[in-house]
Structure formats: structure tokens, C-alpha cells
Amino acid sequence: MSQDTSGGKVQDIHEYLAEFDDIPGTRVFIAKRARQGYHMNQFAMSLMKAENRERFKADERAYLDEWPMTEEQKQAILDRDYNRALDLGGNVYFLSKLFSTDGISFAEAVSTMTDMNFEDYTKMMVAGGRSPEGARSLKANAAQGGDTDKGGR
Amino acid sequence: MARITAGVASSHVPLLGVASDFGKDQDDYFRPIFAGYEWTREWEKAEKPDVIILVYNDHASAFDMKVIPTFAIGCADRYGICDEGWGPRPVPEVEGHADLAWHIAQSLILDEFDMTIINEMDVDHGLTVPLSMMFGKPEKWPCKVVPLAVNVVTYPPPSGNRCWALGEAIKRAVESFPEDLNVQIWGTGGMSHQLQGPRAGLINKEWDNMFLDGLIGDTDKLRYIPHVEYLRETGSEGIEMVMWLIMRGALGKRTRALHRHYHVPCSNTAIGHLVLRPDNGEGYDMAGDMPDSVAAE
Numbered sequence: 369m370s371q372d373t374s375g376g377k378v379q380d381i382h383e384y385l386a387e388f389d390d391i392p393g394t395r396v397f398i399a400k401r402a403r404q405g406y407h408m409n410q411f412a413m414s415l416m417k418a419e420n421r422e423r424f425k426a427d428e429r430a431y432l433d434e435w436p437m438t439e440e441q442k443q444a445i446l447d448r449d450y451n452r453a454l455d456l457g458g459n460v461y462f463l464s465k466l467f468s469t470d471g472i473s474f475a476e477a478v479s480t481m482t483d484m485n486f487e488d489y490t491k492m493m494v495a496g497g498r499s500p501e502g503a504r505s506l507k508a509n510a511a512q513g514g515d516t517d518k519g520g521r
Numbered sequence: 634m635a636r637i638t639a640g641v642a643s644s645h646v647p648l649l650g651v652a653s654d655f656g657k658d659q660d661d662y663f664r665p666i667f668a669g670y671e672w673t674r675e676w677e678k679a680e681k682p683d684v685i686i687l688v689y690n691d692h693a694s695a696f697d698m699k700v701i702p703t704f705a706i707g708c709a710d711r712y713g714i715c716d717e718g719w720g721p722r723p724v725p726e727v728e729g730h731a732d733l734a735w736h737i738a739q740s741l742i743l744d745e746f747d748m749t750i751i752n753e754m755d756v757d758h759g760l761t762v763p764l765s766m767m768f769g770k771p772e773k774w775p776c777k778v779v780p781l782a783v784n785v786v787t788y789p790p791p792s793g794n795r796c797w798a799l800g801e802a803i804k805r806a807v808e809s810f811p812e813d814l815n816v817q818i819w820g821t822g823g824m825s826h827q828l829q830g831p832r833a834g835l836i837n838k839e840w841d842n843m844f845l846d847g848l849i850g851d852t853d854k855l856r857y858i859p860h861v862e863y864l865r866e867t868g869s870e871g872i873e874m875v876m877w878l879i880m881r882g883a884l885g886k887r888t889r890a891l892h893r894h895y896h897v898p899c900s901n902t903a904i905g906h907l908v909l910r911p912d913n914g915e916g917y918d919m920a921g922d923m924p925d926s927v928a929a930e
């Protein structure tokens, strides 16, 4: 565990934010993403209402066109390409409204973001989950000259 | 006066709510998880808390992207159960303790914690799953609840140190409330889990157990863990564990563990559960502590 002597207070916001980019296979929901994905996340939030779910299911494209989202964001939603949606500012708790609209479990939706199918993902979880070994830092992985992107993007 | 007599930490995985609501809690998959809460259910019956200060996070349910309070305290008389996309959970509505909540809110603000005050809110699985785990399926929850919602979704969440200090301020606030109340504080969420991206499914048993160890006794080293360490070591959603530090901070310098439980997996998540007693000479053993029969598992 890394201790610091600053009472835990972040001294440099740029360094604080930059460290998040070093984590393999992870999109941390920082302000930049929250701004980029605002309308996509609010679209997803709208699916908490039954009548909106009905309208979305009846014509996904038309429903998405009611939102000031980029074409890329709309396509990521239509494709259910959740890694792409995360790249474009989506947040998983908001996107989960789409998982339930589609009637799939959270874990199944999550598995589509990995390189495993749901069955293998479930087996991995039951066996204790994904190991943090080699999945902590892109820089550390590169320094070891090994796989630079295990569990990576 | 009111006093905080115990702290409880627990994961709040939504699937546990499903298991409880649909009677699957004795299935092979869920039995080992629920077994670790049986001790606590019996203990809670003996403790009979009047109020739970329940620290949790909303998961894009009551709060969307429009307003993002860092620390929000529920000051209402009651809270409805949120429809999270598959209909509200069939659990009793949650009764608040508006007098205590307003007293805590005012005290915290005067103590320089600038709280957001919530007068109307539905609560989601983050709050109702811990109630189900600790109390089972009663017709009415056996105590009142003061919801304390923490932003751990949009970065930056509050630092671990700030969470711990908020807990310390909550202890002061509760102890200046004149009515005799048996108050517990619960910290929920965690432990290891990552719900997004190619690294989803990350679990770190070793780190989780280091964290559980760090909540016991008189150490305060956990308050200085930087956000990035939670993310690297326990997955992106492991950051929820900062909420446990609010609970820990409210228990004073020293704690004693009454019960501990850890299980992998529940869906994508490592389940952690800990029952703590403040151990600073308060003598809060009103019910007498039962031996911790499940700790060895």
C-alpha cells in the first residue's frame, strides 16, 4: 500500500488525472468523459421509464435522434458496443438501463466488454475472478517487456 | 444522548436483492453468501438499533447527470423504492428519522462539511440490499434510516481522508443529539469489482482482506490510500470502499471486530462484510456480544 505524507490530499490535479490512463482496460469516468457523454448518459437514464422503453424498442434510431448525441455515440448504442460507448463518454451505471431494457443481466453485458464469452466469463468469476497480476499498470507491463496490454484496451 | 454503538460494512450487489426477493438465497450459488450474514441477523435482533445512518451510493437512479452531490443527507420522513428499470424491489418503503437527520445536517455544516440536503428521494439497491442482508424480509424495516449518499461515480469522488473525517464529524453530531437513540452507521459498496472495459471481472482477495484488517483496531492507515490504488488493485468500482471509511471514522480511535465474512464471487463482485464495535471504553455491549462463530471460514 502506498503511503503518502500529504494527509492523502492530491497535490497535482494533472498528475492525478494522468495516472488513470495508465490502468489497462479501464475508462475512468473523469470530467472529460462526463462532459462528452452527457447526452448519451441522459438518453440511457430516460429508459428508466416504461413508456420510453417502449418507444425506444419500437424504433431505436428515431428515439436516439431525439437526443443531441453524436453519430458515433448513436451507432455505439445501436451496435451495443459498450467499450466504444465508454470511449465516447458513457458510464456503465447509466448504460445499465439499456442492459435491463434488453433484458440481459449486468454480468452478461459486462462480459461483452471483455475478450471472453459469457460462459467463460462466468467460469472465471466462479474461479475467483480476474487476477490483478499484470493488470495494474500499462507502464509497468511495458517496463517488464511483456504483454503491455493484458486485460487492456 | 444518542450514540453510535456499532458499525457495519457490507457490499450491496443488486443480484443479492434479486436472490432475496425471489427466494433464491438458499441456492448453491447464494447460500455461502447469505450464510455469512446469519450471525448479523441474529445480532441485529438483539441490538435493536433505533436508527441506521446508511452510507451508500446512488447508481444513476435518484440522481442523474444533472446534479451530482458529493455528500448528500436524506432529511425526509420516508423514502420510496426506486424503479431501476425492472420495477421497484418488493421491499417495504424506508422510514427516515427527520429530526436526527436535520440535526446531523446542521451540525455537519457548522462543522464545515457542506452537505447537500435531500427532502425527496427514492432509494435504490445501494441502500435496500444492505437492509435485506441484515434484516431479511420483514413486513416493515425494524428501524429508521438516515440515508447518506456519496458520489463515487463521477470523478473525483471524495478522498478517503475526507470520508474518514466526515465520519468523525458524524460521531460528534450524533452525540450532541439530546434524545436517547441507539444509532448504527453502515458503510456499503465494494469490495473488489470492475464492471467495465476489457479488465472487467478483476478481484483482489489479498487487497480486500488487507482493507478489512485495516478497519479493525487503532490504525488509521486506510484513510491515506489514494484513489488510483483502489482502481489499480480492486477494479474501477472498488472505489466504493471509500464509503466504508465514513463508517470507520464514526467509530472513534479504536474498534473491535465482532464478525467478518468474505466471499467471491457474487456476479462480478467480491462480497465483504464486517461488524465493528467502537472500543474506546464506551461499553456498548448492551446485548452482550456473541462469539464470532463464522469468522474462521
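Residue numbers (our numbering), protein chains in the order written: chain A, 369 to 521; chain B, 634 to 930. Backbone N, C-alpha and C fix where the C-beta goes; we use that ideal spot for every residue, glycine too.
In terms of residues, what are the limits of the alpha helix (DSSP H) holding residue i?
i, result
"L741 of chain B", "731-743"
"R795 of chain B", "793-808"
"S605 of chain B", "Because chain B here runs from 634 to 930, residue 605 of chain B falls outside it and cannot be looked at."
"F486 of chain A", "486-494"
"Y788 of chain B", "Where Y788 of chain B is concerned, there is no enclosing alpha helix (DSSP H), given that its DSSP letter is neither H nor E."
"V396 of chain A", "Where V396 of chain A is concerned, there is no enclosing alpha helix (DSSP H), given that its DSSP letter is neither H nor E."
"L466 of chain A", "460-470"
List the endpoints of the continuous beta strand (DSSP E) containing residue i.
i, result
"N815 of chain B", "815-821"
"V783 of chain B", "777-783"
"A903 of chain B", "902-911"
"I445 of chain A", "Run containing I445 of chain A: none in the beta strand (DSSP E); it sits in the alpha helix (DSSP H), 439-447."
"L687 of chain B", "684-689"
"F704 of chain B", "704-707"
How is residue i classed by DSSP in three states: helix, strand or coil?
i, result
"D841 of chain B", "helix"
"D755 of chain B", "strand"
"I381 of chain A", "helix"
"P665 of chain B", "helix"
"D389 of chain A", "coil"
"Y857 of chain B", "helix"
"G871 of chain B", "helix"
"F746 of chain B", "coil"
"F655 of chain B", "coil"
"T888 of chain B", "strand"
"A695 of chain B", "coil"
"H407 of chain A", "helix"
"E945 of chain B", "Summary: the structure shown does not reach residue 945 of chain B, with chain B confined to residues 634 through 930, and so no result is reported for it."
"D478 of chain A", "With the sequence shown as reference, residue 478 of chain A is identified as Val, and Asp is not the correct amino acid for it. Three-state DSSP puts V478 of chain A in a helix."
"D455 of chain A", "helix"
"E428 of chain A", "helix"
"E717 of chain B", "coil"
"V727 of chain B", "strand"
Excluding sequence positions up to five away, which residues of its chain have a Cβ less than 8 Å from the Cβ of residue i?
i, result
"A929 of chain B", "Since pLDDT at A929 of chain B reaches only 32, below the 50 mark, its modelled position is unreliable, and the value read off the structure follows with that caveat. None."
"K425 of chain A", "T469"
"D660 of chain B", "A652"
Short of 6 Å in beta carbon distance, which residues of its chain neighbour residue i, apart from the five on each side in sequence? Order them along the chain.
i, result
"S505 of chain A", "D390"
"Y689 of chain B", "G759, L760, T821"
"S825 of chain B", "I836, N837, D841, T867, G868, G871, A903"
"D851 of chain B", "K886, R887"
"D380 of chain A", "none"
Verify whether the separation of the beta carbon atoms of residue i and residue j is less than 9 Å.
i, j, result
"A903 of chain B", "G823 of chain B", "yes"
"A693 of chain B", "M413 of chain A", "yes"
"C715 of chain B", "N752 of chain B", "no"
"K446 of chain A", "E428 of chain A", "Looking at the sequence provided, one finds Leu at residue 446 of chain A rather than Lys. Their beta carbons are under 9 Å apart, which means L446 of chain A touches E428 of chain A by this criterion."
"G393 of chain A", "A833 of chain B", "yes"
"M843 of chain B", "S643 of chain B", "no"
"A635 of chain B", "P811 of chain B", "yes"
"V785 of chain B", "V875 of chain B", "yes"
"V816 of chain B", "S765 of chain B", "no"
"A637 of chain B", "E808 of chain B", "Before going further, note that residue 637 of chain B is Ile rather than Ala in the sequence given. Yes."
Looking only at its chain, what residues have a beta carbon closer than 7 Å to the beta carbon of residue i, apart from the 5 residues adjacent to it on each side?
i, result
"M437 of chain A", "H407, M408, F411"
"G713 of chain B", "E726, D755"
"K442 of chain A", "L432"
List the whole-angstrom C-beta distance separating residue i from residue j, where the pair is believed to meet the contact cut-off of C-beta under 8 Å.
i, j, result
"D757 of chain B", "E717 of chain B", "6 Å"
"V783 of chain B", "F704 of chain B", "6 Å"
"G793 of chain B", "L878 of chain B", "5 Å"
"H896 of chain B", "V908 of chain B", "So it is not a contact: roughly 15 Å between Cβ atoms."
"F486 of chain A", "E476 of chain A", "5 Å"
"K777 of chain B", "D654 of chain B", "Contact flag wrong, Cβ pair sits at about 22 Å."
Any heavy atom of the ligand ATP closer than 8 Å to the beta-carbon of residue i?
i, result
"R722 of chain B", "Looking at this structure, you won't find the ligand ATP or any other ligand, since it has none at all."
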